[in-house]
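First residue of the sequence shown: 8, per the numbering used here; consecutive thereafter. Even glycine gets a Cβ: it sits at the ideal position worked out from N, Cα and C.
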Amino acid sequence: MRRCSLVNMDLISFLIGVPFLIYASYTDIKEGIIPNKLNGALALAAIAILAAQTLVNGGHAGLMGLAAAAIGFAAAFGLYVIGGMGGGDVKMIPSLAVLLGHRLYPWSGIDLIINSIICYGPFALVYALALALKRDPKGTASILAEKTAKSLACISVAATVGGYFREIGGGYAAFGASLAALLAVSLALKGRGPRIAVPVATVGTVASFLAGPGVGLTAVGTSIVLALVAAAVEGARKEVTVDELRPGDVPAEVVVEMDGEIVKVGRFKGSLLIASGRAKPVVVPTGEGLTEEDIKTLKELGIDTIRVGTTTPFAPAIAVSYVVTFVVGGSLPSWFSSEFPRLLGG
Numbered sequence: 008m009r010r011c012s013l014v015n016m017d018l019i020s021f022l023i024g025v026p027f028l029i030y031a032s033y034t035d036i037k038e039g040i041i042p043n044k045l046n047g048a049l050a051l052a053a054i055a056i057l058a059a060q061t062l063v064n065g066g067h068a069g070l071m072g073l074a075a076a077a078i079g080f081a082a083a084f085g086l087y088v089i090g091g092m093g094g095g096d097v098k099m100i101p102s103l104a105v106l107l108g109h110r111l112y113p114w115s116g117i118d119l120i121i122n123s124i125i126c127y128g129p130f131a132l133v134y135a136l137a138l139a140l141k142r143d144p145k146g147t148a149s150i151l152a153e154k155t156a157k158s159l160a161c162i163s164v165a166a167t168v169g170g171y172f173r174e175i176g177g178g179y180a181a182f183g184a185s186l187a188a189l190l191a192v193s194l195a196l197k198g199r200g201p202r203i204a205v206p207v208a209t210v211g212t213v214a215s216f217l218a219g220p221g222v223g224l225t226a227v228g229t230s231i232v233l234a235l236v237a238a239a240v241e242g243a244r245k246e247v248t249v250d251e252l253r254p255g256d257v258p259a260e261v262v263v264e265m266d267g268e269i270v271k272v273g274r275f276k277g278s279l280l281i282a283s284g285r286a287k288p289v290v291v292p293t294g295e296g297l298t299e300e301d302i303k304t305l306k307e308l309g310i311d312t313i314r315v316g317t318t319t320p321f322a323p324a325i326a327v328s329y330v331v332t333f334v335v336g337g338s339l340p341s342w343f344s345s346e347f348p349r350l351l352g353g
């Protein structure tokens, strides 16, 4: 009876969160914000669920729910500090951690964040590419064509060489030969335009299919994915002067102090340098973007230009991962590690 009540309550609390996330995704895509009123209502729903769990299943259930909310908030706030999540997203996580249900406590918030990061990748790619095509259709199409030609040239040649060496010398020989071929073609095409890349890509693609249909399809598929990622990243970013910056702009670079020098580095690299203690943050905005104080600091440091990116809505990724987390009963990495061996074993 107790188990039945837990399962039913988990399903009810999960369903309560769905309409909130649909609306949050809509406002995040359309306006770039998650309204405080929505987060307030979501928090009230989570509090009501905690109260119900405490009444039905005892004080332990309520305490575990509070622990899930606290752990989820701590992890989300950490991402917010390094610029990986917006304030509205952070406010949603504790409530959603509670609404995911008792069976996932106290790690429901962590599972939700891990799955959100995984789900965010494909969505961010599509969103950034669409935005880049809207901003500069011809320029983005040109970038995409060039990136496709170069990646296909590199990967098809590497895959072909690896395929033939596998037949001759086995896995290690194939890996070494593929790596050498990839490096050689990459260096040969560096700084060169599509006039060289296209013929190499054509020959490499034909050769990869001759080596085997699987080799050719893998080379083409991998090349297209890499080209889409590269075009989306490059097309969605642009370099602007510091005078053009406005509060809320999201920089693709951060400013850090390293070895006594002030330098600009990519956001991800900057986060790693700061986390490892090799650099000190100077201008490292949160997920909300640059503040007036940040822009003032950039001017005082004499930095003339900086690359800015686009703010990709995170709420849709959270919405998808909310469903995924509930269905698989935890994080995707944990699910894969437990289910794949069983499936492979029959």
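Spatial neighbours of residue i within its chain, please: C-beta separation below 6 Å, excluding the five flanking residues on both sides.
i: I162; result: A226, T229, S230
i: F172; result: A180, A181, A184
i: S20; result: I56, L106, G108
i: R9; result: Only weak support is given to the placement of R9: the predicted model assigns it a pLDDT of 47, under 50, and the question is left unresolved by the model.
i: P70; result: A small correction: the amino acid at residue 70 is Leu; Pro does not occupy that position in the sequence shown. Closer than 6 Å at Cβ, skipping near neighbours: no residue.
i: Y134; result: T319
i: G277; result: V261, V263
i: L111; result: none
i: C11; result: For C11, the predicted structure reports a pLDDT of 46, less than 50, and the residue's modelled location is therefore unreliable. A value from the coordinates is still provided. None.
i: Y127; result: A324
i: A214; result: T167
i: V232; result: none
Using DSSP bridges, identify the partner residues of residue i.
i: G223; result: For G223, which the question treats as bridged, DSSP gives no partner whatsoever.
i: G296; result: T293
i: M265; result: E268
i: K303; result: None; K303 has no bridge partner.
i: K287; result: E264
Give me the Cβ distance between residue i and residue j, rounded to the nearest whole Å; I'm assuming they're in contact under 8 Å.
i: A286; j: M265; result: 4 Å
i: A208; j: A156; result: 5 Å
i: V262; j: V289; result: 4 Å
i: T312; j: V247; result: 7 Å
i: D35; j: F321; result: 7 Å
i: G91; j: G170; result: Actually they are not in contact, since the Cβ atoms of G91 and G170 sit about 39 Å apart, beyond 8 Å.
i: A75; j: P113; result: 5 Å
i: A104; j: G116; result: 3 Å
i: L136; j: A239; result: 4 Å
i: G296; j: V257; result: 5 Å
i: G95; j: I41; result: 3 Å
i: A165; j: A188; result: 4 Å
i: I125; j: L339; result: 6 Å
For the beta strand (DSSP E) containing residue i, name the first residue and the last one.
i: V272; result: 268 to 273
i: R142; result: No beta strand (DSSP E) holds R142; the alpha helix (DSSP H) holding it covers 115 to 142.
i: T248; result: 245 to 248
i: V257; result: Note, V257: premise wrong, no beta strand (DSSP E); not H, not E.
i: T312; result: 312 to 315
Between residue i and the rest of its own chain, which residues show a CB-CB distance below 8 Å, the 5 nearest in sequence each way excluded?
i: I29; result: A326
i: T298; result: P254, P292
i: V249; result: I302, L305, K306, I310, D311, T312, I313
i: T212; result: L159, S163, G223, A226, V227
i: L280; result: V263, M265, V272, A286
May I ask which residues mark the beginning and end of the alpha helix (DSSP H) holding residue i?
i: M99; result: 94 to 106
i: T332; result: 322 to 335
i: A76; result: 66 to 88
i: R202; result: 201 to 218
Excluding the 5 residues flanking residue i on each side, which residues of the same chain have their C-beta closer than 7 Å to its C-beta?
i: A234; result: L151, K154, T155, S158
i: I203; result: L196
i: L49; result: F27, M99, S102
i: A131; result: T319
i: N46; result: G95, K98, M99
i: Q60; result: M16, A68, G69, G72, H109
i: F84; result: V97
i: I269; result: V262, V289, L308
Can a CB atom of chain D be found closer than 8 Å to the CB of residue i?
i: V236; result: In the structure shown, chain D does not exist; there is a single protein chain.
Notebook entry, point to check: For the segment 95 to 102 against the segment 60 to 72, are there 3 or more C-beta pairs whose distance is under 8 Å?
Noted result: no
Checklist line | Three or more C-beta pairs below 8 Å linking the segment 183 to 202 and the segment 265 to 278 | finding: no
Check: Any contact of the segment 110 to 123 with the segment 322 to 340, i.e. 3+ C-beta pairs under 8 Å?
Finding: yes
Check: Counting pairs of Cβ atoms below 8 Å between the segment 22 to 37 and the segment 75 to 92, do you hit three or more?
Finding: no
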